[in-house]
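In this note's numbering, the protein residues as written are 31 to 390.
Using N, Cα and C, we set each Cβ at its ideal position, and we do this for glycine too.
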């Protein structure tokens, strides 16, 4: 990215070169002198970059500025605006459509962002989405929005939209209020009534106890308890239409107790060396809250692994795709569940093999 710095000297020199202001021209001989006209134009540029302003609002800022301290005439504002236009600014004039405010559409003093640079930001965001936690991604999104905002005052919303489309993600800023509501509810362990748009059921309303927020593949999710399901549910925050606190102390107590209940799982993972297995690396959003490993060296070495688990879905999928021999020591119900799954898979393959032989 390239940039041009904006300061009083730069505006004064440009004014002098244009011959547009006698005070500015005289100041080129002594740039240390304070030039009131140039300073007022400079401040006008800063204020209009921040927000559209009416003549009345501009004059209030002139009055509040300690180096100015007074209002200026409408003719002076008009002269300052025309001077900024001559320097390359695009400014929309007051009209009923914009609340009779001067509106800065673009100016030559900001960063410029081309297509390749926007794509670079999108690729950086894609990489971050694979590794960053929810708070880190929100901070990165805020930084990227700020960078893009410097790329073009005219078309900033379009640039932001393109950034999120190219990084295949959603703009979490749009559901910031929902995120803050969920964060408060998690802190207080509050029960909520959620209005939610399900891709299968359409709009539905249900009770929900939120536990944690997480970011995955460009989307912010909230994980928590629903009374109708025994295991935690993960919901997309952008699909939440409404959140309202609920007063149902018995149900809240039941869901809080369920949320805090963990099961210890004991496994043996058979490997030839300690380097062959680095752990499951699952987190609470995948149902695993704690993991410890102990290397046992012997005639048939193995890792003894202990986990604290809230639900078993992700752990079961991980074990089935592990590619290493393992034995579930406890609990018995999880061991039986895995055995049932493995027997079903074996029966399927044996049946298919028989069909293949029969067809030959």
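Open item on the list: Below 8 Å on the Cβ atoms is my contact criterion, and I expect residue 243 with residue 250 to pass it. Report the Cβ-Cβ distance as a whole number of Å.
Closed with: Right, their Cβ atoms sit about 6 Å apart.
TODO: Return yes when the Cβ of residue 299 is within less than 7 Å of the Cβ of residue 238, no when it is not.
DONE: Their beta carbons are not under 7 Å apart, which means residue 238 does not touch residue 299 by this criterion.
Task: Own chain residues within Cβ distance below 6 Å of residue 155, not counting five before or after - done: Sequence-distant Cβ neighbours of residue 155 in its own chain, meaning closer than 6 Å and more than five residues away, are 197.
TODO: Going by CA-CA distance only, name the one from 296, 308, 289 that's closest to residue 334.
DONE: Selected option, being the one with the closest Cα: 296.
Open item on the list: I need the straight-line Cα distance from residue 227 to residue 208, nearest angstrom please.
Closed with: Whole-angstrom Cα-Cα distance: 14 Å.
Open item on the list: Less than 7 Å between the beta carbons of residue 340 and residue 292, yes or no?
Closed with: The Cβ atoms of residue 340 and residue 292 sit closer than 7 Å to each other.
- [ ] Specify the secondary structure class of residue 323 as computed by DSSP and reduced to three states.
- [x] Of the three classes helix, strand and coil, the one that applies to residue 323 here is strand, per DSSP.
Open item on the list: Suppose only complete runs of 3+ residues qualify. What are the beta strand (DSSP E) ranges in the segment 171-239, listed by chain order?
Closed with: Runs of the beta strand (DSSP E) spanning 3 or more residues and lying entirely within the segment 171-239 occur at 222-228, in chain order.
Open item on the list: If you reduce the DSSP assignment to three classes, tell me which class residue 333 lands in.
Closed with: Residue 333 falls in the strand class under three-state DSSP.
Open item on the list: So residue 122 and residue 135 are supposed to be a Cβ contact under 8 Å. How far apart are they, rounded?
Closed with: 6 Å between Cβ atoms; contact.
Open item on the list: Residues in the same chain with beta-carbon distance under 7 Å from residue 315, minus the five sequence neighbours each way, listed in chain order, please.
Closed with: Excluding sequence neighbours, residue 315 sits near 242, 244, 253.
Task: Under the three-state DSSP convention, the category residue 157 falls into - done: Helix at residue 157.
Task: Buried or exposed (CB count within 10 angstroms, at least 16 for buried), residue 70 - done: Buried, since its Cβ has 16 or more Cβ neighbours within 10 Å.
- [ ] Give the DSSP-derived three-state secondary structure of residue 298 in the structure shown.
- [x] Correct three-state label for residue 298: strand.
Open item on the list: I want to know whether the segment 146-155 touches the segment 95-113 - three or more CB-CB distances under 8 Å.
Closed with: Segments in contact, no.
Task: Closest residue to residue 21 among 261, 256, 266, 73 (Cα-Cα distance) - done: Only positions 31 to 390 of the chain appear in this structure, which leaves residue 21 out of reach.
Open item on the list: Using 8 Å as the cut-off, can you tell me whether the segment 162-179 makes contact with the segment 112-129, which would need three or more C-beta pairs spanning the two stretches below that distance?
Closed with: As far as the Cβ criterion goes, the segment 162-179 does not touch the segment 112-129, which means the pair count is below three.
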